[in-house]
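Student: Please see the structure below; I have some questions.
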Amino acid sequence: MQDWTDLKIAVPAERCGDAAAIAGLIAPDGLYIEDYSALEETVLEIAHIDLIDEELLLKDRQTAVIHLYLSPESSPAEPVSFLGCRLEAAGIPFSLTAGNLREEDWATAWKRYYHPLEVSPRLAICPSWEAFSPREGQIVLRLDPGMAFGTGTHETTRLCLELLEAALRPGMSMLDVGCGSGILAIAAKMLGSGETVAVDIDPLAVRVAAENAERNGVSLDLRCGDLAEQVSGTFDVVCANIVADAIIRLAPSLPALMKPSSAFIASGIIAERRADVETALRAAGLCPKEAREDKGWCAVLSSPAGSGA
């Protein structure tokens, strides 16, 4: 039997709740949290302090450790990239370890889990190092995400690609907020988009996206910044494959980035947060038109209210 990966996130104890909320977005089997910051206070409610095991008394009270357990068939690369980016964006100091697998090994160890994927008869995603025979007329996007989120294998990315392919028409402009590996922006370009802007808060993701764009012979306007703060102008299609809280924070900025007939595709949403996201979108003047779900993840397509799109 293969071992599961124990992904450990160490954070200051006072930020444990915020970090656990982020980690919970990609932990379908739950979390295990070690937090001994209130050990004495908790134990005093049920026993005398001298009944606490000596080993517990020696535990670090300043640091909490959040454990995520990844199944043997799961690659740690995307969870590690996602957690690192979102914890940094939230201003939470952290360190990540995974059993006996060193962090620097993750950039290559995940490759055995990543294989060609047919998104549709029109589009396939293939690792840059694998051979693939496409169908007649099928576009093949060659991708090496490295430490950046987005291989196409995760439900959030696949759902977003499906909605993007349905919404995009040749020549349309496209904005990808939180581009990760660049997979959505590159797919849009290969499907015929015009001006295509991709932005990510993580400089590593921006670099990886640039490398992948070059690998596929397309040109992207890449920018580094938080959400859409580095972006101006309007776009026919806007995508954000991030997390519910970030989409909610982005929502008020969307009208200024969209045309009356534009489509906004939001993904990275756990099903339980769909209502929260849709409420925020409506408050920003957008109307949810379509939602797709897969294995507890949700993607929502919206357009400006009254557009009739």
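First residue of the sequence shown? That's 51 in the working numbering, and the numbers climb one at a time after it. Just so it is clear, CB atoms sit at the ideal spot from N, CA and C, and this is done for glycine as well.
Less than 6 angstroms between C-beta atoms, sequence neighbours within five positions excluded: which residues of the same chain meet that for T206?
Tutor: N291, S317, G318, W347
Student: Residues in its own chain within less than 7 angstroms of V327 by CB, not counting five upstream and five downstream?
Tutor: Apart from the 5 residues on each side of it in sequence, V327 sits with its Cβ closer than 7 angstroms to the Cβ of A294, I297, I298, A316, I319, V350 in its chain, given in chain order.
Student: Using the C-alpha atoms, what's the distance from R324 back to V249?
Tutor: 24 angstroms
Student: Regarding P166 and the ligand PLP, is the C-beta to nearest heavy atom distance less than 7 angstroms?
Tutor: Although the ligand PLP was asked about, the structure shown includes no ligands whatsoever.
Student: R65 to G149, Cα distance in whole Å?
Tutor: 23 angstroms
Student: Output the distance between the C-alpha atoms of P302 and L331, rounded to the nearest integer angstrom.
Tutor: 8 angstroms
Student: Could you compute how far the alpha carbon of M240 sits from the alpha carbon of E180?
Tutor: 19 angstroms
Student: Taking G242 as the reference, give the member of I189, D271, H204 with the closest Cα.
Tutor: I189
Student: Just reading off the beta strand (DSSP E) that I189 is part of, what are its end residues?
Tutor: 189 to 193
Student: Kindly indicate the opening and closing residues of the beta strand (DSSP E) around M342.
Tutor: According to the sequence displayed, residue 342 carries Arg and not Met. 336 to 344 is the extent of the beta strand (DSSP E) around R342.
Student: Quick check on this structure: which residue in P143, G267, C337 has the alpha carbon closest to the alpha carbon of L193?
Tutor: G267
Student: Hey, out of L209, D286, G67, whose CA is closest to R25's CA?
Tutor: This structure cannot settle anything about residue 25, because the visible part of the chain is limited to 51 through 359.
Student: Should P253 go down as buried or exposed, given a rule of 16 or more other Cβ atoms within 10 Å for buried?
Tutor: exposed
Student: In three-state DSSP terms, what is C176?
Tutor: strand
Student: Under the DSSP definition of a beta bridge, which residues are partnered with I116?
Tutor: According to DSSP, I116 bridges with I59, I83.
Student: For I319, which of helix, strand or coil comes out of DSSP?
Tutor: strand
Student: Counting C-beta neighbours from all protein chains within 10 Å, is the total for E212 16 or more, i.e. buried, or is it exposed?
Tutor: Classification of E212: buried, given that the 10 Å Cβ count is 16 or more.
Student: By Cβ distance below 7 angstroms, which residues in the same chain neighbour A60 in space, the five residues on each side in sequence not counted?
Tutor: T113, V115, F144, S145
Student: To the nearest angstrom, how far is the alpha carbon of I102 from that of I76?
Tutor: With a pLDDT of only 38 at I102, under the threshold of 50, the placement of this residue in the model should not be trusted; the figure read from the coordinates follows. Going from the Cα of I102 to the Cα of I76 covers about 34 angstroms.
Student: Use the C-beta contact count for H204: other C-beta atoms within 10 angstroms, 16 or more gives buried, fewer gives exposed.
Tutor: Counting Cβ neighbours within 10 Å, H204 comes out buried, since at least 16 surround it.
Student: Between D286 and the rest of its own chain, which residues show a CB-CB distance below 6 angstroms, the 5 nearest in sequence each way excluded?
Tutor: Cβ neighbours of D286 beyond the five flanking positions: M222, S223, S312.
Student: Count the other CB atoms within 10 Å of the CB of R172; is the residue buried (16 or more) or exposed (fewer)?
Tutor: Classification for R172: exposed.
Student: Determine which residues share a DSSP beta bridge with W347 and list them.
Tutor: W347 pairs with I320, D344.
Student: Is the Cβ-Cβ distance between P310 and G335 less than 8 angstroms?
Tutor: Contact flag unset, no.
Student: Who are the near neighbours of A263 in its chain, counting only those whose CB is closer than 8 angstroms to its CB and skipping five residues on each side?
Tutor: G232, A235, I236, K239, S269, L270, L272
Student: Tell me whether M240 sits in a helix, a strand or coil according to DSSP, three-state version.
Tutor: helix
Student: Taking the beta carbon of A333 as the centre, do at least 16 other beta carbons fall within 10 Å, making it buried, or is it exposed?
Tutor: exposed
Student: For C210, which of helix, strand or coil comes out of DSSP?
Tutor: helix
Student: Less than 8 angstroms between C-beta atoms, sequence neighbours within five positions excluded: which residues of the same chain meet that for I251?
Tutor: Result list for I251: C135, E138, A139, G228, C274, G275, D276, L277, in chain order.
Student: Would you call the CB atoms of C289 and D344 closer than 8 angstroms?
Tutor: no
Student: Report the partner residues of N291 according to the DSSP bridge assignment.
Tutor: Answer is S317.
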